[in-house]
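**Student:** Which chain is which? The protein sequence lines are A and B, in order.
Note that the numbering used here has the first sequence beginning at 538, numbered continuously upward.
Note that the numbering used here has the second sequence beginning at 214, numbered continuously upward.
For glycine and all other residues, C-beta sits at the position ideal for the given N, C-alpha and C.
Note that the structure is predicted; figures quoted are calculated from it, not measured.
I'd like to ask some things about the structure below.
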Amino acid sequence: MADWFDANLVSILNGFAIGSLLFILAVGLSIVFGMMDVLNLAHGALYLVGAYLAYSLLDGGATWGAFLGALGLAVAFGLVAGGTLSVMTEPLAKRPILDQALLTLGISLIVAEVLSIIYGNDVYRIGAPPGLDGSVSVAGNTYPLYRLVLIGIGLVLAVVVWLVMERTSIGALVRAAVADREMVSAMGIDNRKVKIGVLAFGSVLATVAGVLGGPVYGVRPGLDETVLLLALIVVVIGGLGSIKGALIGAMVIGQVDSLGRALLPELASFILFGALALVLVLRPQGLFGPKKVAA
Amino acid sequence: MSATAHPTTDVPPSTGSTAVPASPPSSSRRRGLLGALPPAVVLVVLAFVPFFLAEDPTNILTRILVFGLFAVSLDLLVGITGLPSLGHAAYFGVGAYTAALVADHWTPSAPTPVLMAAAAGAVAAVLTGWLAVRSHGVFFLMLTLAIGEITSQLALQLDDVTGGSNGMSVPSVRFGSEPFDADFRIAYTYWYVLVVFVIAFAAMWLIARSPFGLALRGIRDNEGRMRSLGYTPFRYKYVAYVLAGGFAGLAGGLFAQVNRLVSPVDAGFALSAITLLALVLGGAGTLWGPVLGMAVVVIVRDYYGPDLNGHGPLVLGIVFVIAVYVLPRGFAGIAGLLRTPRRRRDRSIVPGEERAA
Numbered sequence: 538m539a540d541w542f543d544a545n546l547v548s549i550l551n552g553f554a555i556g557s558l559l560f561i562l563a564v565g566l567s568i569v570f571g572m573m574d575v576l577n578l579a580h581g582a583l584y585l586v587g588a589y590l591a592y593s594l595l596d597g598g599a600t601w602g603a604f605l606g607a608l609g610l611a612v613a614f615g616l617v618a619g620g621t622l623s624v625m626t627e628p629l630a631k632r633p634i635l636d637q638a639l640l641t642l643g644i645s646l647i648v649a650e651v652l653s654i655i656y657g658n659d660v661y662r663i664g665a666p667p668g669l670d671g672s673v674s675v676a677g678n679t680y681p682l683y684r685l686v687l688i689g690i691g692l693v694l695a696v697v698v699w700l701v702m703e704r705t706s707i708g709a710l711v712r713a714a715v716a717d718r719e720m721v722s723a724m725g726i727d728n729r730k731v732k733i734g735v736l737a738f739g740s741v742l743a744t745v746a747g748v749l750g751g752p753v754y755g756v757r758p759g760l761d762e763t764v765l766l767l768a769l770i771v772v773v774i775g776g777l778g779s780i781k782g783a784l785i786g787a788m789v790i791g792q793v794d795s796l797g798r799a800l801l802p803e804l805a806s807f808i809l810f811g812a813l814a815l816v817l818v819l820r821p822q823g824l825f826g827p828k829k830v831a832a
Numbered sequence: 214m215s216a217t218a219h220p221t222t223d224v225p226p227s228t229g230s231t232a233v234p235a236s237p238p239s240s241s242r243r244r245g246l247l248g249a250l251p252p253a254v255v256l257v258v259l260a261f262v263p264f265f266l267a268e269d270p271t272n273i274l275t276r277i278l279v280f281g282l283f284a285v286s287l288d289l290l291v292g293i294t295g296l297p298s299l300g301h302a303a304y305f306g307v308g309a310y311t312a313a314l315v316a317d318h319w320t321p322s323a324p325t326p327v328l329m330a331a332a333a334g335a336v337a338a339v340l341t342g343w344l345a346v347r348s349h350g351v352f353f354l355m356l357t358l359a360i361g362e363i364t365s366q367l368a369l370q371l372d373d374v375t376g377g378s379n380g381m382s383v384p385s386v387r388f389g390s391e392p393f394d395a396d397f398r399i400a401y402t403y404w405y406v407l408v409v410f411v412i413a414f415a416a417m418w419l420i421a422r423s424p425f426g427l428a429l430r431g432i433r434d435n436e437g438r439m440r441s442l443g444y445t446p447f448r449y450k451y452v453a454y455v456l457a458g459g460f461a462g463l464a465g466g467l468f469a470q471v472n473r474l475v476s477p478v479d480a481g482f483a484l485s486a487i488t489l490l491a492l493v494l495g496g497a498g499t500l501w502g503p504v505l506g507m508a509v510v511v512i513v514r515d516y517y518g519p520d521l522n523g524h525g526p527l528v529l530g531i532v533f534v535i536a537v538y539v540l541p542r543g544f545a546g547i548a549g550l551l552r553t554p555r556r557r558r559d560r561s562i563v564p565g566e567e568r569a570a
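Put into structure tokens, the structure is as follows:
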């Protein structure tokens, strides 16, 4: 067991790094999804915007100024994009969930194509900011420092989001809206404002995840679809609107993806989707989802 | 994509017995004769297309029919049964690979490969639908998405059989042992596709209008009520899923024989997505609307695509966003608007019906 652990340490750490990134992505998607029944298929495109922002600013040289600038721009873009998405989905609120999903799918097609017009179809690598671009030794294995930092950021963010959701009145409002939207609006709270806030928050997380993930995964066309699928799987496994579920789901999927690729490369994607199917069959509402099944 | 107010749901709901009303009102029978005229005209025009269209447009039309058939099979699921699938391309892909393998190893002679493709699509739907149909709402979206992804991954990874990412080439279609005459290959291929399309479309049309199809609409509109009337929604949805899978497989088989190259992309999410776009554009639940929607999609992507520098998806995305807002019931919705006044008059015969509707 110890030998196996030692031999696969790098894969396990990679799994946590992927898991951290997936958590940042999935938690936004999950709250939006669980709360507003908005299946935001543009979430992956927002990640891609963040990643290209990081590329644009860090291409001239990976400095801290450029990295923080990319993060700042990503936050600004995420806020605007979230507000726009909220306004755009509002007229469709009473229509079937498929219509909103299709609207965001259309938006993601447009965003991805505009990005490919600007940046072409090349695959770019993005450097980590100075000081984080080296490697460290972890139990005898050299491992990129930036990925360890990414794991740390993911965990810190998980704690922050958990505290906000469980310990503040804003969090209570969001949880209440996940549980029973009609009741919340009956209490005199404007659901549209909550929705704008939640979508803006979720979109910021997606664009920021794009910047943070840049130095690990680089950026290429089609990356949006890959990350969106992984994030959706995390959300469904974890359960709609559940922070704990998103964290555990992200870590499980990160490990399944990373270890699966290392140990059973030809079966990796089956294991991923097999895990999804298994969870859905055994617990249709996800591991930590609310009891009611969203219709 | 509204769940109510489809033209064919106007039949008054039967109370109690499971038998769905057999005799339509006489006004609709008279309309039936007139109503048969436009499809007949369209059919005649379609049959003569190779005589007056150049080869390129004929090829495009062939592709429209192939993908249109696929869109109709998805409509059976989304529009009629109310099951919004994001992974329907899986069965298209299964059909395409089956037809490719049959044509390669057994016989490329029509219609064996497409029939085997339809059977394979149905079998795949039997195996996966049992799982998918149990779930509701967004979970159904997710499970079908997963089924689609697994299928295209399978196609990618079983490269001994499927050729992996290079795809596999398919022998050209033939009747009997003779290949098509090279000069008329495009026309013959078109007619072959047209015949299969018409038969399959008629079959799905009949299914949608049969008592079984009405039960599916009932489940779409109010599953709980259908259950209390004594139906077993799961069984109906499962059968609908398998039928849709079979027709998707058929379309996939046609695609393999027409395109002569099958690759994992043909089972992927992109195809499911643009087909949903076709449904939104054309109007879900009408069966003919999605064919028109698919025509727009195929023309933008395959015909104007090269002029757009490979950025056809940009145009499709814009069309997508506009269509969701402007055409809640697609092209069929526009046709419905033109017809509304007459239907109002029909309705007011039954007192209270107008307020209830």
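1. In whole angstroms, what is the alpha-carbon distance linking residue 274 of chain B and residue 509 of chain B?
2. Quick one: what's got a C-beta closer than 8 Å to residue 590 of chain A's C-beta in the same chain, skipping five residues either side?
3. Taking C-beta pairs closer than 9 Å, name the residues in chain B that residue 807 of chain A reaches, listed in chain order.
4. Whose C-beta lies closer than 6 Å to the C-beta of residue 601 of chain A among residues of the same chain, with five residues either side of it excluded?
5. What does residue 614 of chain A reach in chain B if we use C-beta pairs closer than 8 Å?
6. What residue range is occupied by the uninterrupted alpha helix (DSSP H) comprising residue 593 of chain A?
7. Please report the straight-line C-alpha distance between residue 304 of chain B and residue 311 of chain B, rounded to a whole angstrom.
8. Are residue 770 of chain A and residue 809 of chain A closer than 8 Å when you measure CB to CB?
9. Could you tell me whether any Cβ in chain A is nearer than 8 Å to the Cβ of residue 476 of chain B?
10. Along the chain, where does the alpha helix (DSSP H) that runs through residue 271 of chain B open and close?
11. Would you kindly report the start and end of the unbroken beta strand (DSSP E) that includes residue 451 of chain B?
12. Would you tell me roughly how many angstroms separate the C-alpha atoms of residue 348 of chain B and residue 621 of chain A, rounded to the nearest one?
13. Along chain A, in chain order, which residues have C-beta atoms closer than 9 Å to that of residue 531 of chain B?
14. Quick check: the Cα distance between residue 559 of chain A and residue 355 of chain B, rounded to an integer number of angstroms?
15. Taking buried to mean at least 16 other C-beta atoms within 10 Å of its own C-beta, is residue 501 of chain B buried or exposed?
16. To the nearest whole angstrom, what separates the beta carbons of residue 361 of chain B and residue 300 of chain B, a pair I think is in contact under 8 Å?
17. Expressed to the nearest angstrom, what Euclidean distance is found between the alpha-carbon atoms of residue 278 of chain B and residue 658 of chain A?
18. With DSSP as the reference, please indicate the residues paired to residue 387 of chain B in a beta bridge.
19. Name the chain B residues that come within less than 9 Å of residue 638 of chain A, Cβ to Cβ?
20. To the nearest angstrom, report how far apart residue 732 of chain A and residue 791 of chain A are at their CA atoms.
21. With a threshold of 6 Å on Cβ separation, who are the neighbours of residue 287 of chain B within its own chain once the five nearest residues in sequence on each side are excluded?
22. Taking C-beta pairs closer than 7 Å, name the residues in chain A that residue 516 of chain B reaches, listed in chain order.
23. Secondary structure at residue 661 of chain A, three-state DSSP: helix, strand or coil?
24. Taking 7 Å as the line, does the beta carbon of residue 684 of chain A fall inside it for any heavy atom of the ligand SAM?
25. I need the DSSP call for residue 679 of chain A, collapsed to helix, strand or coil.
26. Measure the alpha-carbon distance for residue 720 of chain A versus residue 572 of chain A and round it to whole angstroms.
27. For a contact defined as C-beta to C-beta under 7 Å, what are the partners of residue 486 of chain B on chain A?
28. Would you identify the three-state DSSP class for residue 507 of chain B, choosing helix, strand or coil?
29. Can you pull the DSSP bridge partners for residue 672 of chain A?
30. Which bits of chain E does residue 359 of chain B rub up against, with CB to CB less than 7 Å?
31. Taking DSSP as the reference, what is the three-state secondary structure of residue 575 of chain A?
32. Whose C-alpha, out of A/825, A/576, A/652, A/676, is nearest the C-alpha of residue 623 of chain A?
33. Could you check the C-alpha separation between residue 596 of chain A and residue 604 of chain A for me, to the nearest Å?
34. Under three-state DSSP, which class holds residue 475 of chain B?
35. Let me make sure I understand the geometry here. Which of A/754, A/557, A/780, A/561 has the alpha-carbon closest to that of residue 664 of chain A?
36. Determine contact between the stretch 247–257 of chain B and the stretch 423–443 of chain B, defined as no fewer than three beta-carbon pairs at a distance below 8 Å.
**Tutor:** The structure says:
1. Each residue's alpha carbon lies about 11 Å from the other.
2. Here the set comprises 607, 610, 611, 614, 744, 747, 748.
3. Against chain B, a Cβ distance below 9 Å from residue 807 of chain A picks out 363, 366, 367, 370.
4. Excluding positions up to five away in sequence, the list reads 666.
5. Going along chain B, no residue has its Cβ under 8 Å from residue 614 of chain A, so there is no contact; the nearest lies around 18 Å.
6. Counting along the chain, the alpha helix (DSSP H) containing residue 593 of chain A begins and ends at 580–595.
7. Their Cα atoms are separated by approximately 10 Å.
8. Result yes, Cβ atoms of residue 770 of chain A and residue 809 of chain A sit closer than 8 Å.
9. No - not a single Cβ of chain A is within 8 Å of the one on residue 476 of chain B.
10. Secondary structure note for residue 271 of chain B: its alpha helix (DSSP H) is the uninterrupted segment 268–288.
11. Counting along the chain, residue 451 of chain B falls outside any beta strand (DSSP E), though it belongs to the alpha helix (DSSP H) covering 446–472.
12. For residue 348 of chain B and residue 621 of chain A, the distance between alpha carbons rounds to 31 Å.
13. Per Cβ cutoff of 9 Å: 643, 646, 647.
14. Residue 355 of chain B has its alpha-carbon roughly 17 Å from the corresponding atom of residue 559 of chain A.
15. Buried, because 16 or more other Cβ atoms sit within 10 Å of the Cβ of residue 501 of chain B.
16. Rounded to the nearest angstrom, the Cβ distance from residue 361 of chain B to residue 300 of chain B is 3 Å, consistent with a contact under 8 Å.
17. One C-alpha to the other measures close to 31 Å.
18. Looking at the DSSP assignment, residue 387 of chain B forms a beta bridge with B/322, B/392.
19. Contact annotation for residue 638 of chain A against chain B: 297, 299, 351, 354, 489 [CB-CB distance below 9 Å, chain order].
20. For residue 732 of chain A and residue 791 of chain A, the distance between alpha carbons rounds to 29 Å.
21. 301, 488.
22. Those do not exist, as residue 516 of chain B stays about 18 Å from chain A at its closest Cβ, beyond 7 Å.
23. Residue 661 of chain A sits in a strand when the DSSP states are folded into three classes.
24. No copy of the ligand SAM occurs in the structure displayed, which carries no ligand at all.
25. Looking at residue 679 of chain A - three-state DSSP - the assignment turns out to be strand.
26. Distance between the alpha carbons of residue 720 of chain A and residue 572 of chain A is about 13 Å.
27. Ordered by position in chain A, the residues that pass the 7 Å Cβ test against residue 486 of chain B are 642.
28. In the structure shown, residue 507 of chain B sits in a helix (DSSP, three-state: H, G or I).
29. DSSP output for residue 672 of chain A lists A/681 as bridge partner(s).
30. The question asks about chain E, but that chain is absent: this structure's protein chains are A and B.
31. Here DSSP, grouped into helix, strand and coil, assigns residue 575 of chain A to coil.
32. It is A/576 whose Cα lies nearest to the Cα of residue 623 of chain A.
33. Cα to Cα, residue 596 of chain A sits roughly 10 Å from residue 604 of chain A.
34. In the structure shown, residue 475 of chain B sits in a strand (DSSP, three-state: E or B).
35. Distances from the alpha-carbon of residue 664 of chain A to those of A/754, A/557, A/780, A/561 put A/754 closest.
36. No, the stretch 247–257 of chain B is not in contact with the stretch 423–443 of chain B.
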